[in-house]
Amino acid sequence: MNPVLADVLQVTALIAALALVHRPLGDYMAAVYSSPKHLRVEKWIYRSVGANPDAEMRWPAYLRGILIFSAVGVLFLYVMQRVQDTLPLSLGFQPISPDQAFNTAASFISNTNWQSYSGEVAMSHVTQTTGLAVQNFVSAAVGMAVAVALVRGFARSRTGELGNFWSDLVRGTIRILIPLSVIAAIILVACGAIQNFGDIHHITTLTGDKQALSPGAVASQEAIKDLGTNGGGYFNANSAHPFESPNGLSNLLEIFLLLVIPFSMPRTFGKLVGSLKQGYAIVAAMGIIWFAAVIAVTWLEYAHPGTASQLAGGAMEGKEQRFGEGASSLFSVSTTMTSTGAVNSFHDSFSGLSGGVLLLGMMLGEITPGGVGSGLYGMLIMAIIAVFIAGLMVGRTPEYLGKKIGTREIKLAACYILITPALVLIGTAVAMALPDGKEAMTNIGAHGFSEVLYAYTSASNNNGSAFAGFGANTPFFNTTLGLCMLLGRFLPMVFVLALAGSLAEQKPVPETAGTLRTEKPLFTGLLVGTVLIITGLTFFPALALGPLAEGMTS
Numbered sequence: 024m025n026p027v028l029a030d031v032l033q034v035t036a037l038i039a040a041l042a043l044v045h046r047p048l049g050d051y052m053a054a055v056y057s058s059p060k061h062l063r064v065e066k067w068i069y070r071s072v073g074a075n076p077d078a079e080m081r082w083p084a085y086l087r088g089i090l091i092f093s094a095v096g097v098l099f100l101y102v103m104q105r106v107q108d109t110l111p112l113s114l115g116f117q118p119i120s121p122d123q124a125f126n127t128a129a130s131f132i133s134n135t136n137w138q139s140y141s142g143e144v145a146m147s148h149v150t151q152t153t154g155l156a157v158q159n160f161v162s163a164a165v166g167m168a169v170a171v172a173l174v175r176g177f178a179r180s181r182t183g184e185l186g187n188f189w190s191d192l193v194r195g196t197i198r199i200l201i202p203l204s205v206i207a208a209i210i211l212v213a214c215g216a217i218q219n220f221g222d223i224h225h226i227t228t229l230t231g232d233k234q235a236l237s238p239g240a241v242a243s244q245e246a247i248k249d250l251g252t253n254g255g256g257y258f259n260a261n262s263a264h265p266f267e268s269p270n271g272l273s274n275l276l277e278i279f280l281l282l283v284i285p286f287s288m289p290r291t292f293g294k295l296v297g298s299l300k301q302g303y304a305i306v307a308a309m310g311i312i313w314f315a316a317v318i319a320v321t322w323l324e325y326a327h328p329g330t331a332s333q334l335a336g337g338a339m340e341g342k343e344q345r346f347g348e349g350a351s352s353l354f355s356v357s358t359t360m361t362s363t364g365a366v367n368s369f370h371d372s373f374s375g376l377s378g379g380v381l382l383l384g385m386m387l388g389e390i391t392p393g394g395v396g397s398g399l400y401g402m403l404i405m406a407i408i409a410v411f412i413a414g415l416m417v418g419r420t421p422e423y424l425g426k427k428i429g430t431r432e433i434k435l436a437a438c439y440i441l442i443t444p445a446l447v448l449i450g451t452a453v454a455m456a457l458p459d460g461k462e463a464m465t466n467i468g469a470h471g472f473s474e475v476l477y478a479y480t481s482a483s484n485n486n487g488s489a490f491a492g493f494g495a496n497t498p499f500f501n502t503t504l505g506l507c508m509l510l511g512r513f514l515p516m517v518f519v520l521a522l523a524g525s526l527a528e529q530k531p532v533p534e535t536a537g538t539l540r541t542e543k544p545l546f547t548g549l550l551v552g553t554v555l556i557i558t559g560l561t562f563f564p565a566l567a568l569g570p571l572a573e574g575m576t577s
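So the mapping is simple: this note's numbering equals the position in the sequence shown, first residue as 1, plus 23.
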């Protein structure tokens, strides 16, 4: 089959599958978060942690629950890595160094899953399953809980109550993430992914070399890695490893998994606020940017100049030969435009301009469609900014979903969109000014700068992917990137929840002839333009020094 035709069919099948599950999954998640009933297993969890799931929380209490839960998770995972040699099924692996243990703990608790280690030679079975995989579930559930809290802020009026964090956390984990992950894991095992707790196998290759094959509960961790937009691979090669993704079907399934919840949550939003059209406007904006990026990266990779690339039919360096250009491009765009960070090819090997598109996907704030929960609340913040801009154009107080966007709301939204750019640009500047940053680069010039910029963009936006040639396993980068992950995850949540509380306290504003119709295609276009313009104005100088300069000279 012609490779281009195969790529078109693959994208078409993916979009059809996402469209097919958009309504039932979105409606199911809305029912989960609005149900007054508690399952028996949920009641047991509430009793064990001493939580009252029916007690409504204002935004400060909701935030305290998130911070306390996440702080305990960081401490637990850090200690587990430091003592993993004393735990069962250690496989003989030594404890993780303090700086790398902090980096990994911060990474998985923040839903980033940045990995400065090779899982198959560093992490034991217990660390992988009891530590890392558990955080894959709960960190994703935290993001979904914050998104639902913001949606309640729009849906409720004359109250500052946003629901109960512990109830939202447990329901998201028990009723959504675990059942879907079980189904996905079974399919992955059927495709050929491994799932066991065996010992390391030592084999002799055909050339006489010795090789160690690491086993593990790979399929189960792979499922939640993608479904929860986490991205941490069991193996260093991540989804390019045949034990994680055995064939083209598993590769397409993994892309579907990392997109399915983020693209379905706008339906949940529309259901909870009582206007499905509002959800359609949000998902349309997400889909437009994502689809444009898929086309751009795929075309740039096929058109990459050079004799070797032309003979190979594309820029195949760093690509998984089983999947080719199209599947690698589709995966890379989907993983950088969510907070997943999983890879099936080396982003470091992409051409300068296509690497720039991947960087831009993260710089957008990972809202197209973004991570589970974080993509929705990030896009809703952008919708508030878009409504504010429209209000300035016509001289009218902006409104969104019957709530006035006043001084307090726009300040909170502005603080939200400034946090990650500040972390990215300050972190990159500090690293480039110090010897540590220059020594970590394996390339010189514009591409080397892109490696550092990509690292801080990935960490601060809680993505987790990397330019593979970047040597980040040093005390300096483990510490600074770890801090960027934590600040980039939890500082924005402060402003999201404060905004949700402010919106919930308002009384609804009646719709008039002058109200901006935010469910119409015109608003979708305005939202897309707002996202691109804000990101472009913020990051264009940095992009000009890195991927744009490389692309113009290649």
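A virtual CB, placed ideally from N, CA and C, is assigned to each residue, including glycine.
Because the structure is a prediction, the values reported are computed rather than measured.
ask   = Rounded to a whole number of angstroms, what is the C-alpha to C-alpha distance between leucine 568 and phenylalanine 472?
value = Counting from 1 along the sequence shown, the entry for residue 568 is found at position 545. Counting from 1 along the sequence shown, the entry for residue 472 is found at position 449. Approximately 7 Å between the Cα atoms of the pair.
key: valine 320 beta carbon less than 8 Å from that of glycine 355   = Translated into positions along the sequence shown, residue 355 becomes position 332. Translated into positions along the sequence shown, residue 320 becomes position 297. Per the sequence shown, residue 355 should be read as serine rather than glycine. Yes, these two residues count as a Cβ contact at 8 Å.
task = Starting from the C-beta of aspartate 56, find all residues in its chain whose C-beta is less than 6 Å away, skip the five residues before and the five after it, and write them out in chain order.
result = Locating residue 56 in the sequence shown gives position 33, where the first residue counts as 1. The sequence given here has tyrosine at residue 56, not aspartate. Take tyrosine 56, set aside five residues on each side of it, and the residues of its chain with a beta-carbon closer than 6 Å to its own are Val171, in chain order.
ask   = Where does the unbroken alpha helix (DSSP H) through alanine 235 begin, and where does it stop?
value = As a first step, residue 235 must be located in the sequence shown, where it is residue number 212. Where alanine 235 is concerned, there is no enclosing alpha helix (DSSP H), although the beta strand (DSSP E) it sits in stretches over 233-236.
query = How big is the Cα-Cα spacing for tyrosine 85 and proline 265?
reply = Taking the sequence shown and counting its residues from 1, the one referred to as residue 85 is at position 62. Taking the sequence shown and counting its residues from 1, the one referred to as residue 265 is at position 242. Cα-Cα distance, rounded: 42 Å.
query = Where does alanine 331 fall in DSSP's three states?
reply = Taking the sequence shown and counting its residues from 1, the one referred to as residue 331 is at position 308. Bear in mind that a pLDDT of 41 at alanine 331, under 50, signals an unreliable position, so the number given afterwards is only what the model happens to contain. In the structure shown, alanine 331 sits in a helix (DSSP, three-state: H, G or I).
key: For isoleucine 467, the first and last residue of its enclosing beta strand (DSSP E)   = Against the sequence shown, residue 467 aligns to sequence position 444. Isoleucine 467 -> no beta strand (DSSP E), and no H or E assigned at all.
ask   = Can you name the residues that DSSP bridges to glutamate 184?
value = As a first step, residue 184 is located in the sequence shown; it is residue number 161 there, counting from the start. BP columns for glutamate 184 point to Arg81.
query = Can you round the beta-carbon distance between serine 273 and leucine 211 to whole angstroms, since I take them to be within the 8 Å contact cut?
reply = Working through the sequence shown from its first residue, we reach residue 273 at position 250. Working through the sequence shown from its first residue, we reach residue 211 at position 188. Contact between serine 273 and leucine 211 is confirmed by a C-beta separation of about 6 Å, below the 8 Å threshold.
query = In chain order, what residues of the same chain lie with their CB nearer than 7 Å to the CB of glycine 349, ignoring the 5 residues before and after it?
reply = Here residue 349 is taken as the residue at index 326 of the sequence shown, counted from 1. Pro26, Ala29, Asp30, Gln33 and Thr321.
task = Could you give the DSSP three-state label for serine 368: helix, strand or coil?
result = Position 345 of the sequence shown, counted from the first residue, corresponds to residue 368. Serine 368 falls in the strand class under three-state DSSP.
message = Whole angstroms are fine: how far does the CA of leucine 399 sit from the CA of leucine 299?
response = The residue you call residue 299 lines up with position 276 of the sequence shown. The residue you call residue 399 lines up with position 376 of the sequence shown. Near 15 Å, if we compare the C-alpha coordinates of leucine 399 and leucine 299.
ask   = Since histidine 61 is in the alpha helix (DSSP H), which residue starts that stretch and which ends it?
value = Residue mapping note: residue 61 aligns to position 38 of the sequence shown, counting from 1. Segment: none, histidine 61 is in no alpha helix (DSSP H) and carries neither H nor E.
task = Ignore the nearest five residues each way along the sequence and tell me which others in asparagine 270's own chain have a CB closer than 8 Å to its CB.
result = For the purposes of this step, residue 270 is taken as residue 247 along the sequence shown, with counting starting at 1. Around asparagine 270: Cys214, Gly215 and Arg345.
inquiry  = Measuring only the C-alpha atoms, how far is proline 570 from isoleucine 428?
reply    = Taking the sequence shown and counting its residues from 1, one reaches residue 570 at position 547. Taking the sequence shown and counting its residues from 1, one reaches residue 428 at position 405. Those two C-alpha atoms are separated by around 37 Å.
query = Three-state secondary structure (DSSP) at tyrosine 477?
reply = Reading the sequence shown from its first residue, position 454 is the one you call residue 477. Helix at tyrosine 477.
message = Please give me, in chain order, every unbroken run of the alpha helix (DSSP H) with length at least 4 that falls completely inside the segment 123-174.
response = 142-145
request  = Assign histidine 225 to one of three DSSP states: helix, strand, or coil.
outcome  = Here residue 225 is taken as the residue at index 202 of the sequence shown, counted from 1. DSSP places histidine 225 in strand when its eight states are reduced to three.
inquiry  = Judging by CA-CA distance, which residue of Gly364, Gly401, Val475 and Val551 is the nearest neighbour of alanine 304?
reply    = What you label residue 304 is simply residue 281 of the sequence shown in a count that begins at 1. Looking at Gly364, Gly401, Val475 and Val551, the one whose alpha-carbon comes closest to that of alanine 304 is Val551.
inquiry  = Pop quiz: leucine 250 and leucine 200 are said to be a contact at Cβ under 8 Å. What is the actual Cβ separation, rounded to whole angstroms?
reply    = Here residue 250 is taken as the residue at index 227 of the sequence shown, counted from 1. Here residue 200 is taken as the residue at index 177 of the sequence shown, counted from 1. Confirmed, about 6 Å.
message = Within a Cβ cutoff of 6 Å, which residues of the same chain sit near glycine 537, ignoring the five residues on either side of it in sequence?
response = Residue 537 sits at position 514 when you count from the first residue of the sequence shown. Excluding positions up to five away in sequence, the list reads Arg419.
Cβ neighbour criterion (16 or more within 10 Å) applied to glutamate 184 = In the sequence shown, the residue the question calls residue 184 occupies position 161. Classification for glutamate 184: buried.
inquiry  = So, for glycine 460: in the same chain, excluding its five sequence neighbours on each side, which residues have a beta-carbon less than 6 Å away from its beta-carbon?
reply    = Looking up residue 460 in the sequence shown gives position 437. So the qualifying residues of the chain are Ala454 and Val475.
ask   = Could you give the uninterrupted runs of the alpha helix (DSSP H) lying entirely in the segment 256-336, keeping only those of 4 residues or more?
value = 271-296, 299-325 and 330-335
inquiry  = I'd like the list of long-range same chain contacts for threonine 135, defined as Cβ closer than 6 Å, with 5 residues on each side in sequence excluded.
reply    = Here residue 135 refers to the residue found at position 112 when the sequence shown is read from its first residue. Closer than 6 Å at the Cβ level, and outside the excluded window around threonine 135, lie Asn485, Gly487 and Met508.
task = Give the secondary structure of glycine 349 by DSSP, where H, G and I count as helix, E and B as strand, and everything else as coil.
result = Within the sequence shown, residue 349 is the residue found at index 326, counting from 1. It is helical.
Terminal residues of the alpha helix (DSSP H) in which threonine 391 lies = On the sequence shown, residue 391 is found 368 positions in, with the first residue counted as 1. First-last for threonine 391: undefined, no H or E at that position.
ask   = Which stretch, first to last residue, makes up the alpha helix (DSSP H) that contains asparagine 501?
value = Here residue 501 refers to the residue found at position 478 of the sequence shown. Its alpha helix (DSSP H) spans residues 498-528.
ask   = Could you give the distance in angstroms between the alpha-carbon of tryptophan 137 and the alpha-carbon of phenylalanine 500?
value = Walking along the sequence shown from the start, residue 137 turns up at place 114. Walking along the sequence shown from the start, residue 500 turns up at place 477. Rounded to the nearest angstrom, the two C-alpha atoms are 11 Å apart.
ask   = What whole-angstrom Cβ distance do valine 380 and leucine 539 have, given they're in contact under 8 Å?
value = Reading the sequence shown from its first residue, position 357 is the one you call residue 380. Reading the sequence shown from its first residue, position 516 is the one you call residue 539. No, valine 380 and leucine 539 are not in contact; Cβ-Cβ is about 31 Å, not under 8 Å.
inquiry  = My output table needs one value for lysine 426: the three-state DSSP class, helix, strand or coil.
reply    = Within the sequence shown, residue 426 is the residue found at index 403, counting from 1. Of the three classes helix, strand and coil, the one that applies to lysine 426 here is strand, per DSSP.
ask   = Should proline 444 be labelled buried (16 or more other beta-carbon atoms within 10 Å of its own) or exposed?
value = As a working note, residue 444 is residue 421 in the sequence shown. With 16 or more Cβ atoms within 10 Å of its Cβ, proline 444 is classed as buried.
ask   = Start and end of the alpha helix (DSSP H) containing leucine 110?
value = The sequence position of residue 110 within the sequence shown is 87, counting from 1. First-last for leucine 110: undefined, no H or E at that position.
ask   = So, helix, strand or coil for lysine 434, using DSSP?
value = Residue mapping note: residue 434 aligns to position 411 of the sequence shown, counting from 1. Reduced to three states, the DSSP call for lysine 434 is helix.
ask   = In whole angstroms, what is the alpha-carbon distance linking glycine 559 and glutamate 542?
value = What you label residue 559 is simply residue 536 of the sequence shown in a count that begins at 1. What you label residue 542 is simply residue 519 of the sequence shown in a count that begins at 1. Going from the Cα of glycine 559 to the Cα of glutamate 542 covers about 25 Å.
message = Could you give the first and the last residue of the continuous alpha helix (DSSP H) run that contains valine 212?
response = Taking the first residue of the sequence shown as 1, we reach residue 212 at position 189. Residues 201-214.
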